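Heads up: the structure comes next, in structure tokens.
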DNA sequence: TGACATTGTTAGGTTATCCTACTATATTGG
DNA sequence: CCAATATAGTAGGATAACCTAACAATGTCA
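Protein chains in written order, with our numbering: chain V, 183 to 340; chain A, 183 to 340.
Next up, the structure:
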């Protein structure tokens, strides 16, 4: 990523970190089945300290992306939920590409998807989605499918 | 990108920014044909101010990635050159994938490659390289080639 | 019910990167 | 050759993200 991407941070800009926190909140909700997310859970998930989470939550509240009761639960606003879902969608598409097409280990695919999900342009994401659609059309009959590529990878190793 | 990737910045860690500067220096050398690169050129290329460049050059000198005469030219050390070339190589592989497989415009492909080049794992890069090798094996005879996917993209649009 | 553990918050630092405003040097054209 | 212009560098500051240490609220269970 370019380090100069953050130069023009207008008030309304959503940073990568903010997206990460929103996504984490969504994931925790999904895991616990409860829409009340706690600071500690977020800290654990993102591997940061609780004060870091508190600071970011404040920031997200200012941007009206989450609500937060003092000493209480964090919940996403409508806008926050939408953004979290978009990020998550990007994440999944990329993770599947990395795993199914490039044949990366689940763990590596997961990590790399985390990095790509914030920085890629909408156009690129669109294309990854289109590629997935294309791949899902019928069996691996010899078009742009991961199977053929993964076979090549295996052969190449020996 | 995860914002928490920079938490463990040991002295020897090379940041995305550092990579960007090294890459820019390499590009300017290639463009001018001259290994003497000036602060202004780097500033222009990376769209930052000259003081920012001076600050980063200092940092790169400390890390023995470039040499710099006061009020003079910037040149890469052996280590700096190696890193710059690696980053450039990643950049090219990714750019070609985005353009040739996903069919993105040259400009968008360029931008997205810039973002991906620093963050992707070595394993992912390896696979992008392997994919390129695979794609270069003969014509688009129906394996993991961009041509078929791009045809699909065109048909889908209508 | 009240002491202790857990969780949330505040205060105050650190680091990396960028900026603006200003000063210092170098180069070049008259 | 030297003054004007362009280029390089310094000083000082902003911001976004992180951290540790210390304190405050909550909640649980003997």
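For glycine and all other residues, C-beta sits at the position ideal for the given N, C-alpha and C.
Because the structure is a prediction, the values reported are computed rather than measured.
Below 6 Å CB to CB, which residues in the same chain sit around residue i once its five sequence neighbours on both sides are set aside?
i              : result
residue 226(V) : none
residue 224(V) : 206 and 235
residue 193(V) : For residue 193(V), the pLDDT reaches just 45, beneath the cut-off of 50, and the residue's location in the model is therefore unreliable, although a value from the coordinates is still provided. Around residue 193(V): no qualifying Cβ.
residue 300(V) : 198 and 201
residue 262(A) : 204, 247 and 248
State yes or no: is the beta carbon of residue i nearer than 7 Å to at least one beta carbon in chain V?
i              : result
residue 301(A) : yes
residue 264(A) : no
residue 196(A) : no
residue 297(A) : yes
residue 309(A) : yes
residue 256(A) : no
Does the Cβ of residue i have 16 or more other Cβ atoms within 10 Å, making it buried, or fewer, making it exposed?
i              : result
residue 304(A) : exposed
residue 318(A) : exposed
residue 274(V) : exposed
residue 254(A) : exposed
residue 266(V) : buried
residue 296(A) : buried
residue 277(A) : buried
Restricting to Cα atoms, I'd like to know which of the options is closest to residue i.
i              : options                           : result
residue 257(A) : 248(A), 233(A) and 265(A)         : 248(A)
residue 201(A) : 218(A), 222(A), 242(A) and 221(A) : 242(A)
residue 264(V) : 314(V), 295(V) and 204(V)         : 204(V)
residue 271(V) : 298(V), 246(V), 221(V) and 260(V) : 298(V)
residue 251(A) : 308(A), 313(A) and 219(A)         : 219(A)
residue 260(A) : 208(A), 216(A), 233(A) and 228(A) : 208(A)
residue 199(V) : 230(V), 282(V) and 315(V)         : 230(V)
With 7 Å as the threshold, decide whether the Cβ of residue i is near any Cβ in chain A.
i              : result
residue 223(V) : no
residue 306(V) : yes
residue 243(V) : no
residue 249(V) : no
residue 284(V) : yes
How close, in whole Å, do the beta carbons of residue i and residue j come, if the pair is a contact with beta carbons under 8 Å?
i              : j              : result
residue 302(V) : residue 294(A) : 6 Å
residue 309(V) : residue 284(A) : 4 Å
Leaving out the 5 sequence neighbours to the left and right, which residues in its chain are closer than 7 Å to residue i when beta-carbon positions are compared?
i              : result
residue 216(V) : none
Output needed for residue i: all residues of its chain with C-beta closer than 8 Å, excluding positions within five of it in sequence on either side, in chain order.
i              : result
residue 186(V) : Reliability fails at residue 186(V), whose pLDDT of 41 lies under 50, so the model's placement of it is uncertain and the value that follows must be treated cautiously. Hits under 8 Å: none found.
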